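So the structure is just underneath, and the comments pick up after that.
2 protein chains.
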Amino acid sequence: MTRRQDSVTIREVAKKAGVSVATVSRYTNSSAPVSPEVAERLAQVMSELHYMPHAAARQLATRKTRAVGLLLNNLRNDFFVPFLNGVEDVVRKKGYNLIIATYLADSREETPPPIGPHNTDGMLVFSDGLGDEALASYHATGFPMVLVHSTPPASLSIPSVTVENIEITRQLIEHLIRVHGRQRIVFLRGPKGQEDSFLRERGYRQALEANGLEYDKRLIHTGGFERGIAYDAINTILSNGNRTQFDAVFAGSDDAAIGVFRALQQHGVRIPEDVSVAGFDNLGFGRFLDPPLTTVSAPTETVARMATERLFGLLDNQPSEGAVVLPTELILRRSCGCQFEQPAL
Amino acid sequence: MTRRQDSVTIREVAKKAGVSVATVSRYTNSSAPVSPEVAERLAQVMSELHYMPHAAARQLATRKTRAVGLLLNNLRNDFFVPFLNGVEDVVRKKGYNLIIATYLADSREETPPPIGPHNTDGMLVFSDGLGDEALASYHATGFPMVLVHSTPPASLSIPSVTVENIEITRQLIEHLIRVHGRQRIVFLRGPKGQEDSFLRERGYRQALEANGLEYDKRLIHTGGFERGIAYDAINTILSNGNRTQFDAVFAGSDDAAIGVFRALQQHGVRIPEDVSVAGFDNLGFGRFLDPPLTTVSAPTETVARMATERLFGLLDNQPSEGAVVLPTELILRRSCGCQFEQPAL
DNA sequence: TGAAATAATGTAACCGGTTACTGTAACCGG
DNA sequence: CCGGTTACAGTAACCGGTTACATTATTTCA
Chain Z
866 MTRRQDSVTI
876 REVAKKAGVS
886 VATVSRYTNS
896 SAPVSPEVAE
906 RLAQVMSELH
916 YMPHAAARQL
926 ATRKTRAVGL
936 LLNNLRNDFF
946 VPFLNGVEDV
956 VRKKGYNLII
966 ATYLADSREE
976 TPPPIGPHNT
986 DGMLVFSDGL
996 GDEALASYHA
1006 TGFPMVLVHS
1016 TPPASLSIPS
1026 VTVENIEITR
1036 QLIEHLIRVH
1046 GRQRIVFLRG
1056 PKGQEDSFLR
1066 ERGYRQALEA
1076 NGLEYDKRLI
1086 HTGGFERGIA
1096 YDAINTILSN
1106 GNRTQFDAVF
1116 AGSDDAAIGV
1126 FRALQQHGVR
1136 IPEDVSVAGF
1146 DNLGFGRFLD
1156 PPLTTVSAPT
1166 ETVARMATER
1176 LFGLLDNQPS
1186 EGAVVLPTEL
1196 ILRRSCGCQF
1206 EQPAL
Chain H
866 MTRRQDSVTI
876 REVAKKAGVS
886 VATVSRYTNS
896 SAPVSPEVAE
906 RLAQVMSELH
916 YMPHAAARQL
926 ATRKTRAVGL
936 LLNNLRNDFF
946 VPFLNGVEDV
956 VRKKGYNLII
966 ATYLADSREE
976 TPPPIGPHNT
986 DGMLVFSDGL
996 GDEALASYHA
1006 TGFPMVLVHS
1016 TPPASLSIPS
1026 VTVENIEITR
1036 QLIEHLIRVH
1046 GRQRIVFLRG
1056 PKGQEDSFLR
1066 ERGYRQALEA
1076 NGLEYDKRLI
1086 HTGGFERGIA
1096 YDAINTILSN
1106 GNRTQFDAVF
1116 AGSDDAAIGV
1126 FRALQQHGVR
1136 IPEDVSVAGF
1146 DNLGFGRFLD
1156 PPLTTVSAPT
1166 ETVARMATER
1176 LFGLLDNQPS
1186 EGAVVLPTEL
1196 ILRRSCGCQF
1206 EQPAL
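Sequence order for the protein chains is Z and H.
So the mapping is simple: my numbering equals the position in the first sequence, first residue as 1, plus 865.
So the mapping is simple: my numbering equals the position in the second sequence, first residue as 1, plus 865.
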């Protein structure tokens, strides 16, 4: 392999163009006027030399990285496609770099977060990507952050963007109960401590209560929003010797619903005749599943865009606080037992 | 908002611990032994001060960024979930940062690639994420790169990881022709100039030729692998006054197949009775679609892992060349007309 | 016409790490 | 007891940009 050749520095450009490094810098950053002749000569020399300023040097001098981070627990969900698109699009248009990292709960105590003030100008924290302590410690230094799909602890005023969970879940569960006569509804509640999960459980309980049904712990499965976890959870329930009875599953995400479909199908359980299934997120494939998936439409890409834009607002020192909660909508299709699909969007 | 407070520097740590900066550096990097007492004192001081080395300073001094880049055209495909997982997992385990950027063909002439030697130690180039000229120019400087889902121009020895396209496409098309009697097969060939597309077209043509069918340009649609593009393409065909007849669609990706399903459904075309549909990638939802999707199984996450590992091999100066081509497999389900699903994997 | 303002550029310190080189003390074998 | 290692630690140059301040040339205007 060719040995990595030393990169062209600003001093070489300056020398070749017969000007000082300051002038070159001013030209590349348009930070001060440069005479037309010099500008032309520099453009010439820079393209000849393929000059590209060394990012680290610039970062060190300006104390700005022109990068933002996205910290999440994992990427194992089709949900992240619209999400990443929203983030990436905004970041690119701002001319920033995007650093993506997963940060596992397990590793938290041993290693510091891979993203922070040391390598970015600000960051999006997805769900419970960061513990409260780390959040507080970063926030204390004034590091710009925006939370997505979670809200900050009461003591911290960190902007957040989330979706409405409680009411929509209550509606969905109530629909299963009242319209389809479901009584024992399995709830795959997502990761422990995750805020969406917590709020949805509130809606779930409200619906049960309002309809005189009892809350049965055995129907609640804590895990994650990924299809593999959902598959295992349903499999476990179905394979149990003392098989827990259930007549519906609220999967927590469309991705998880795929896992539910798979487990039910393998056990010969019919959807929706034997068991109603509902997801969350309204991903593109849902309406073409067999049966079409009842779900909750969440504006995922919009959430991502808004969060990213708020982050850039912070970078521009536009103070911004408070939680933005975007609306969600029930999408009824056949997997819950409904006979006709809602009119297409 | 709290003003961003100045970060703790190595000199402050050194002063507070009563040692020199060199010692602190040696301690943080384990680059040379440090006496136990000093080590303990430093550990103490560093945690008190919440010291975190400034990435840019370190990068400037070592001329290593400990970051790798991933350059792609877009992220609009569920395909990218397993792909990103593979990349991110390997990168994280190596303790590197991952910078992701899309680089649009349109913008190429005006702006330089957002990722390169100036901000990363190496990069994965997905498909035709970078033009040949840029590729050559980066490669000439010895910048480590690995191509994914494309191979380098003949003159450049850049490692690549791809999947087998020609033979599997030939098999798939031949299956449609021989088993299901299809004769006019629409081919959504993906982006112009994209290598997978090009190779699959070869397989497509081979199958037609071997079976005495004519190649009809009107059946070929160049665009992208995304569902929206596929939807538009099929819609256009179906809405045409002089409606082009067809009895099968090879969608190019499972994501695109969703768009095909949608367009066909809206026009009342039955799958597979009227039109066979096949995808590519074997994403998780495919087997649960209505009808279950015939597709090609590609080891996407493995492709991603191998490519990333090869990239790290280059960073470690393990010279590596040549194309790795991973095998693909036909997955027959009902959307092509087959009555029984293949045994589950 | 000369002082002041303005425009364009240069000099050199600085950002916060790493590391080559140097120094000192303890230790080792003969 | 002494020359040679070995272990640990310090000094200061350096990485490649930015920018405060200084400088020079040109223009403006009383």
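Here a beta-carbon is modelled for each residue, glycine too, at the ideal position from N, C-alpha and C.
Model, not experiment: these values are computed from the prediction.
For a Cβ distance threshold of 8 Å, residue set MET917 of chain H lies close to GLY981(Z), ordered along the chain. For the C-beta of VAL946(H), the chain Z residues within less than 8 Å are, from N- to C-terminus, LEU940, ARG941, ASN942, ASP943, PHE945 and VAL946. Using a Cβ-Cβ distance cut-off of 8 Å, the stretch 1091-1102 of chain H and the stretch 1062-1077 of chain H are not in contact, since fewer than three pairs of beta carbons, one from each stretch, lie closer than that value. GLY987(Z) places its beta carbon less than 9 Å from that of LEU1179(Z). Neighbours of ALA920(H) across chain Z, judged by C-beta separation under 7 Å: HIS983 and ASN984. Look at GLU998(Z): its C-beta is not under 9 Å from any C-beta on chain H. If the five residues before and after ALA1072(H) are omitted, its C-beta is found closer than 7 Å to the C-beta atoms of ARG1035, ILE1038, GLU1039 and ILE1042, all from its own chain and listed in chain order. Within chain H, no C-beta atom comes less than 8 Å from the C-beta of ARG876(Z); the nearest is roughly 15 Å away.
Among the CB atoms of chain H, one or more fall inside 9 Å of the CB of ARG957(Z).
Under the three-state reduction of DSSP output, SER1002(H) falls in the helix class. In this structure, GLY981(H) is the residue among GLY1151(H), ARG1198(H) and GLY981(H) with its C-alpha nearest to the C-alpha of LYS929(H). According to the DSSP secondary-structure assignment, MET988(H) is paired through a beta bridge with GLY934(H) and MET1010(H). For ASN962(H), the three-state secondary structure derived from DSSP is strand. Here DSSP, grouped into helix, strand and coil, assigns PHE1052(Z) to strand. Residue ALA1188(Z) holds the alpha-carbon nearest to the alpha-carbon of THR1016(Z) among ILE1196(Z), ALA1188(Z) and ARG1198(Z).
Residue contact check for ARG1092(Z) against chain H: a CB pair falls below 9 Å. For the pair ALA1113(Z) and VAL1134(Z), the CB atoms are not nearer than the 9 Å cut-off.
For ASP1120(H), a Cβ of chain Z is located within less than 9 Å of the residue's own Cβ. Check the Cα spacing between ARG1175(Z) and each of THR874(Z), VAL1026(Z), GLY1089(Z) and GLY994(Z): the tightest is with VAL1026(Z).
By the beta-carbon neighbour count (other beta carbons within 10 angstroms, threshold 16), THR976(H) is exposed. Proximity of chain H to ALA897(Z) at the Cβ level (cut-off 9 Å) is not reached, the minimal Cβ distance being about 23 Å. Boundaries of the alpha helix (DSSP H) around VAL903(Z): 901-914. The alpha carbon of VAL1044(H) has as its nearest neighbour, out of CYS1201(H), GLU902(H), ALA879(H) and THR874(H), the alpha carbon of CYS1201(H).
The continuous alpha helix (DSSP H) containing VAL1168(H) extends over residues 1165-1180. In the three-state scheme derived from DSSP, where H, G and I count as helix and E and B as strand, THR1193(H) is classed as coil. Annotated three-state conformation of SER1020(Z) is coil, per DSSP. Residue environment for ASN894(H): exposed (fewer than 16 other C-beta atoms within 10 angstroms of its C-beta). Taking a cut-off of 8 Å on C-beta distances, the stretch 1002-1018 of chain Z does not touch the stretch 990-1003 of chain H, as fewer than three cross pairs fall below it.
Measuring C-alpha to C-alpha distances from GLN1183(H) to each of PRO1024(H), ILE875(H) and LEU937(H) identifies PRO1024(H) as the nearest. Looking from the CA of GLY1068(Z), the closest CA among GLY1058(Z), GLY1117(Z), ILE1031(Z) and ARG1054(Z) belongs to ILE1031(Z). Judged by their CB atoms, THR1193(H) and ILE1033(H) are nearer to each other than the 9 Å cut-off. In the same chain as PRO1056(H), and ignoring 5 residues on each side of it, the C-beta atoms closer than 6 Å to its own belong to GLY1089, in chain order.
Between ASP1146(Z) and the set ARG1083(Z), GLN1048(Z) and VAL1028(Z), the nearest pair of CA atoms involves VAL1028(Z). Interface flag for ASN950(H) against chain Z is set, since a Cβ pair is found closer than 9 Å. CA-to-CA, the gap between VAL899(H) and VAL884(H) works out to about 11 Å. THR927(Z) sits exposed, since fewer than 16 C-beta atoms from the chains shown fall within 10 Å of its C-beta.
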